[in-house]
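So the protein sequences, as listed, match chains S and B.
The opening residue of the first sequence carries number 1 in our numbering; numbering runs sequentially from there.
The opening residue of the second sequence carries number 1001 in our numbering; numbering runs sequentially from there.
The C-beta atom is built at its ideal place from N, Cα and C for all residues, glycine as well.
First comes the structure, then the notes that go with it.
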Amino acid sequence: MNESLYVQLLDLACGAFVLAAVLVLWRRDLGAIVRLFAAQGFALAALVVVLGAHDSDAGLVAVGVAVGVLRAVVLPLLLRRALPAGGEARETEPLVNVAASLLVAALLALLAYAVTRPVVALEPSPATHAAPVALTVVLIGFFVLATRRRALAQVVGFLLVDNGITALAFLTTSGVPLVVELGVSLDLLLAVLVLRVLTARMRAAFGGTDLDDLQELRD
Amino acid sequence: MGVLLVVPIVLPLLAAGACAVFGWRFTAWTGAVAAAGVLGAGVALATRVMSRPRTGLDGFLRADALTAYMLIVIGAVALLAALASPAYLAAERAADHVTDADLRRYGVLGQAFVAAMALAVLASSLGVLWIAVEATTVLTAFLVGFRRTRNATEAAWKYVVICSAGIALAFLGIVLLNFAARHAHVPASGALDWASLAGHAGGLDPGVMRIAVALLVLGFGTKAGLAPMHAWLPDAHSQAPAPVSALMSGVLLSVAFYAVLRVRVIADAALGTGFMRTVLLIVALASLLVAAALLLAQRDYKRLLAYSSIEHMGLLALGTAIGTPLALSAVLLHVLGHGLVKSVAFLASGFVQQAFGSSRVDAVRGLLARGPLVGGCLGAALLALLGFPPFSLFASELGIFRAGFSAGLGWAAGAALALLAAVLAAVAARTGRMLLGAPAPSGPGAVAFPVTVRPAASAAFALLLGLAACAALGVTAWPLQPLLDHAAAVLGGRP
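Here you go:
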């Protein structure tokens, strides 16, 4: 692959990847949030495929396709089925409003650039230069996790964190060893399934999934 | 030789399979057999790995003295929990809190949980260790939410979300460590392997390593119940069934802390001892402070035990920060002693909760008069947790503080001692009336009918066994001393 085309494709995939995370902060409709998450999974898969094509590494391309199947198809389907038939399809007023959230996202991006400086310095390749983008997504995921009140929105926050970490793994070292990658994906799938079951139980016990109801256990 | 490394993982999995096929009623005791097997394999490995580490399954598993020691801890605590489980669950079933299907699920998940912990300490790679620790979260989620009440569901949700997010930080650390290792010319296949990482630690880039190590300590610290990521622990440990609380408090926290201990070896070689010591001192003192502050006003005795776990994890972090051979072997002894008595305390409090129908401190009065055995065991376990002799926690805490003062960290050890005094006062004030007091109930929430606490013989045996083992270790740790010394040497970076 031509070097400048490689860099352009890489930047395009990274841009879509971080844009999806920022849009999650903007949208309040839970269905739209799940669609954005699927789009981000697709961008991540594209990122891995581009890296694989550049290194002429067929195995890496295959891993990219597998990542895409899991994160752009399977997980969004699981989340979609956890959406309730009617009613609470929207995030209630989050703890931090949308304008402030977007501002925070910008600050988190600055923080990500500051923190990853040693990483970029160690190997200044085009892929490693994109490492701050991946860390930005991780931080935005934590922010969603901390400020959203619907159970499903929290799960998406958790998955954003995981997408960001996976992106960082591929950008820095073309991924962790395969056995680890497989185990991580399995654990991720199981954790989402567990959270889905718990969401259903919560709806049965509390009549909703507003996490503000989780107030009984405290000191 | 390789067989001994596989046994601790396969035996609990077989027990889980048996329970899935035949149901809880017929397999209630297989858990105890599997746990005894894990303990036996740990002891057998201990005699073989002291000279040099052994590997199994093509290097996928590795056992050194530290691994063998952790297997002994897992086996011992799992044995206590498995001995008490049938009596505890029979009472839950009789009270119609759970169904037969729930019991089957308990058997399967509980045993798979033990297998995951064994895999965590046997894994030769940091990545596999991470997978095993995250698997424990997934497996125990339904055990925490076992009773399906509002509170149990709430605790399970917080547990999965906070622990999964926390452990994701550790994975971020692993990714960065992998990156640094590749640049230090560690071969790709062994880039996350403990031994090759320790061997190449000198070449790891310090800038990247600082970020990686901080993330790893924060991430595994979440699962180990260390402040500031401890918020899930009191909820999960107080809502889970008593034998699961015993396993989670007694060993799961220590297994997560084991990961911190292994990371420290690499971090010290790559960054010098100062960085890890600073990080550990911060989390140690923060954990002790959180535990002392929240114990002072605690009204729930299961939560009280959970905060006591945070306190003891803080002590482990303090001992590891000090890092001299004396401190490290005291830390390891503390892991076993705490595991034994904390599980006794949780098992006893489970029977108390079943008898009184409440886990509120003011609902329980005159426990020693109503159930001398359970009351006595709970009292003795609390004394042990507060660091009274003859229990081994006295010896190990003494070791940690002596090492602290002689290593020039007197200020930290002094602050920790002051916080321990606050813990002592809080626990004594809260539990004194619970145990002693007049048997006549009074106050809101008290039970109006006479309650007796009398668990089955097998459960009573488990309580007494745990206390006796801890007391014996306190009097003399000689059977374990060579193993402790070798494991501490592994932790000091000398294989």
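The beta carbon of L1103(B) sits closer than 7 Å to those of W1024, L1089, R1093, all from its chain and outside the five residues before and after it, given in chain order. The beta-carbon of T1153(B) is placed less than 7 Å from the nearest beta-carbon of chain S. One Cα belongs to L1336(B), the other to A1488(B), and the distance between them is close to 14 Å.
In this model, A1381(B) and S1308(B) are separated by some 12 Å (Cα to Cα). Taking 7 Å as the threshold, the shortest C-beta distance from A1141(B) to chain S falls below it.
Annotation for T1055(B): the continuous beta strand (DSSP E) segment containing it runs 1054–1056. Of all alpha-carbon atoms in V1427(B), G1323(B), V1423(B), the one lying nearest the alpha-carbon of V1265(B) is that of G1323(B). Residue-level contact by beta carbon fails for G1059(B) and chain S, as no gap is shorter than 7 Å.
Assigned with DSSP and collapsed to three states, D29(S) falls in strand. In the three-state reduction of the DSSP assignment, A1123(B) falls in the strand class, which pools E and B.
I1074(B) has a beta carbon lying at 7 Å or more from every beta carbon in chain S.
Residue contact check for E3(S) against chain B: no CB pair falls below 7 Å.
Contact between M1209(B) and A1267(B) holds, with the beta-carbon distance rounding to 7 Å and staying under 8 Å. Using a Cβ-Cβ distance cut-off of 8 Å, the stretch 1164–1184 of chain B and the stretch 1007–1026 of chain B are not in contact, since fewer than three pairs of beta carbons, one from each stretch, lie closer than that value.
If you compare the alpha carbons of A200(S), L19(S), E216(S) with that of L102(S), the shortest gap goes to L19(S). In this structure, A1076(B) keeps its C-beta atom at 7 Å or more from the C-beta atom of G1031(B). The DSSP assignment places complete alpha helix (DSSP H) segments of no fewer than 4 residues inside the stretch 93–164 of chain S at 98–115, 117–122, 126–129, 131–147, in order along the chain. The stretch 1297–1317 of chain B and the stretch 1345–1361 of chain B touch, with no fewer than 3 CB-CB distances between them shorter than 8 Å.
Taking C-alpha positions only, L1204(B) is separated from L1305(B) by approximately 41 Å. In the assembly as shown, A62(S) is an exposed residue. Its beta-carbon has fewer than 16 other beta-carbons within 10 Å. Using a Cβ-Cβ cut-off of 7 Å, W1194(B) does not count as an interface residue toward chain S, since no Cβ of chain S sits closer than that to its own. Note on geometry: alpha-carbon atoms of L1378(B) and R1433(B) lie some 13 Å from one another. For the C-beta of L214(S), the chain B residues within less than 8 Å are, from N- to C-terminus, E1154, W1157, K1158. Between R1150(B) and L195(S), the alpha-carbon positions lie close to 15 Å from each other. Neighbours of L1289(B) across chain S, judged by C-beta separation under 8 Å, do not exist; the nearest C-beta is about 14 Å away.
DSSP places A1184(B) outside both helix and strand once states are collapsed to three, so it counts as coil.
Per the DSSP secondary-structure output, A1063(B) pairs in a beta bridge with R1054(B). At least one CB of chain B lies nearer than 7 Å to the CB of F158(S).
Taking the beta carbon of L122(S) as reference, the chain B residues within 9 Å of it are F1179, A1180, H1183, D1205, G1207, V1208, listed in sequence order.
In the three-state reduction of the DSSP assignment, D1102(B) falls in the helix class, which pools H, G and I. C-alpha of F1394(B) to C-alpha of F1142(B): approximately 35 Å in a straight line. What S1164(B) touches in chain S, judged by beta-carbon distance under 7 Å, is F158, A191, going in chain order. Annotated three-state conformation of D1235(B) is helix, per DSSP. Here the alpha carbon of D213(S) sits roughly 11 Å from the alpha carbon of T1153(B). In the structure shown, D55(S) falls within a coil segment according to DSSP collapsed to helix, strand and coil. For a Cβ distance threshold of 9 Å, residue set V115, T116, P118, V119 of chain S lies close to I1211(B), ordered along the chain.
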